[in-house]
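Engineer: What follows is a single structure, and I will ask about it in a moment.
There are 2 protein chains.
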Amino acid sequence: MPALKFCRAVELSKAHALMSPGPVVLISSAHGGLRNVMTAAWSMPLDFSPAKVAIVVDRQHFTRELMEKSGEFVLNIPPKSLLDKVMAAGSQSGRGHDKFAACGLEAVAAAKVAAPLVAGCVGWLECRIVPEAHNQQAHDLFIAEVVAAWADERAFHDGCWQPCEESLRPLHYLSGNRFMVMGTIVEAPAA
Amino acid sequence: MPALKFCRAVELSKAHALMSPGPVVLISSAHGGLRNVMTAAWSMPLDFSPAKVAIVVDRQHFTRELMEKSGEFVLNIPPKSLLDKVMAAGSQSGRGHDKFAACGLEAVAAAKVAAPLVAGCVGWLECRIVPEAHNQQAHDLFIAEVVAAWADERAFHDGCWQPCEESLRPLHYLSGNRFMVMGTIVEAPAA
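Going line by line, the protein sequences match chains A and B.
Each residue of the first sequence is one higher than the last, beginning at 691 in the numbering used here.
Each residue of the second sequence is one higher than the last, beginning at 691 in the numbering used here.
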């Protein structure tokens, strides 16, 4: 269990529910004593079992270099309270310095991968890349299996995001420096 | 221009912004005099120019059969006012009957593809599939180029989703019959 307050394990069969609504993520990666973190808006669940995700990471990013060398990464789901740091992590490169420190983000050891978890997030998916040269080279698209998943129990439990105080709600990327905060939850009538 | 009130063209270079926050979509497809529509939660932008999207469509779906035969589909972004119909379109098959009629959804001619637009939605992406046998067969993953894009000007303009009345805001899929309605828009400080 990661050393994060309110952090609880999410069954791998429910990991897709962390990503289904389309939150912005912080991708963290590490290799050879270096680590990095970057903001990414283009990701989605890809399969239920084994749990898989797909994410777009441009070839210029240092995070991608560490992802490709280690074969691993973590998708961290930041809440509104991290808005400024999410913007900062999406606006600068981590080459040559420690972007965690530069952005005021705290790294915590993950359970199954070398990439760290970002403290203060409300969901975490530890991922191992399924190597697919065509997708990575032609589309900057990475496919990965989720090997461990965690959530802040105040924001996500019973396999679903829950109503909670706004500071704990995931962000969704709009454009420029604009984000949407997860809104009200509605239930459709059984069809 | 589609025969839809409040519908305005979205530049293809801005089409990604319709999908970035991760809304649930209705996929519509048509071939050989048949048409269908289904709800899908797993999709994302894939490229800026040419504008591309990625979407997961399981092999059991009739919508997929029409997508593969025609090479085309439309991603329609439904707002909260269509919640009940979105749930209905995700809970039944369109094989053997017209699911538009069964779900109370209205189809309107698209500009560049045979698949229809769904009236009452607030964003539309007309798509042509980039054939990728491995992705379609191994991952149920379709990659497509966006050939036309439209939005309801009350909900999306200037390349970004905008604050608007709740009935016009996109939905995001959570779990079971639960959806999240697009929440408040916040701006991060320039990093």
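The beta carbon of each residue, even a glycine, is placed where N, CA and C say it ideally should be.
State the DSSP-derived secondary structure class of T729 of chain B, mapped to helix, strand or coil.
Structural biologist: For the purposes of this step, residue 729 of chain B is taken as residue 39 along the second sequence, with counting starting at 1. Here T729 of chain B sits in strand by DSSP.
Engineer: In chain order, what residues of the region 753-774 of chain A put their CB closer than 8 angstroms to some CB of chain B?
Structural biologist: Under the 8 angstroms Cβ criterion, the region 753-774 of chain A contributes K770, L773, D774.
Engineer: What residues of chain A sit near I833 of chain B, judged by a beta carbon separation below 8 angstroms?
Structural biologist: Translated into positions along the second sequence, residue 833 of chain B becomes position 143. Neighbours of I833 of chain B on chain A, chain order: H829.
Engineer: Determine the closest residue to A707 of chain A out of B:W732, B:G761, B:G813, B:S719, with distance taken between C-alpha atoms.
Structural biologist: The residue given as residue 707 of chain A occupies position 17 in the first sequence. Per the Cα distances, B:W732.
Engineer: Which ranges does the beta strand (DSSP E) cover as unbroken runs of at least 3 residues, wholly within the region 752-818 of chain B, from first to last along the chain?
Structural biologist: List check, beta strand (DSSP E) in window: 762-767.
Engineer: Ordered along the chain, which non-local residues of its own chain (more than five positions away) have a Cβ less than 8 angstroms from that of P740 of chain A?
Structural biologist: Locating residue 740 of chain A in the first sequence gives position 50, counting from the first residue. Answer for P740 of chain A: L702, E835, V836, listed in chain order.
Engineer: Just how far apart, CA to CA, sit V715 of chain A and A792 of chain B?
Structural biologist: As a position in the first sequence, residue 715 of chain A is number 25, starting the count at 1. As a position in the second sequence, residue 792 of chain B is number 102, starting the count at 1. C-alpha separation (whole angstroms): 37 angstroms.
Engineer: Can you name the start and end residues of the beta strand (DSSP E) that A839 of chain B belongs to?
Structural biologist: Counted from its first residue, the second sequence places residue 839 of chain B at position 149. 831-842 is the extent of the beta strand (DSSP E) around A839 of chain B.
Engineer: Run through DSSP, which three-state label would A828 of chain B get?
Structural biologist: What you label residue 828 of chain B is simply residue 138 of the second sequence in a count that begins at 1. In this structure, A828 of chain B counts as helix in the three-state DSSP scheme.
Engineer: Starting from A791 of chain B, find everything on chain A with Cβ-Cβ shorter than 8 angstroms and list it in chain order.
Structural biologist: On the second sequence, position 101 is the one that residue 791 of chain B refers to. Ordered by position in chain A, no residue passes the 8 angstroms Cβ test against A791 of chain B, which lies about 15 angstroms from the chain.
Engineer: Give me the chain A residues within the contact set of S710 of chain B, using Cβ-Cβ distance strictly less than 9 angstroms, ordered along the chain.
Structural biologist: Within the second sequence, numbered from 1, the residue matching residue 710 of chain B stands at position 20. Those are G712, V714, A731, W732, H862, Y863, L864, S865, listed as they occur along chain A.
Engineer: For K759 of chain B, collect the residues of the same chain with a Cβ closer than 6 angstroms to its Cβ; drop the 5 residues on either side in sequence, then sort them by chain order.
Structural biologist: Looking up residue 759 of chain B in the second sequence gives position 69. Only H721 meet the Cβ criterion.
Engineer: Is the CB of W851 of chain B under 8 angstroms away from at least one CB in chain A?
Structural biologist: Start at 1 with the first residue of the second sequence, and residue 851 of chain B comes out as number 161. Yes, contact with chain A.
Engineer: Return yes when the Cβ of M691 of chain B is within less than 8 angstroms of the Cβ of S719 of chain B, no when it is not.
Structural biologist: Residue numbering aside, residue 719 of chain B sits at position 29 when the second sequence is read from its first letter. Residue numbering aside, residue 691 of chain B sits at position 1 when the second sequence is read from its first letter. No, they are not a contact pair.
Engineer: From A779 of chain A to A878 of chain B, what does the alpha carbon distance come to, in whole angstroms?
Structural biologist: Within the first sequence, numbered from 1, the residue matching residue 779 of chain A stands at position 89. Within the second sequence, numbered from 1, the residue matching residue 878 of chain B stands at position 188. About 12 angstroms.
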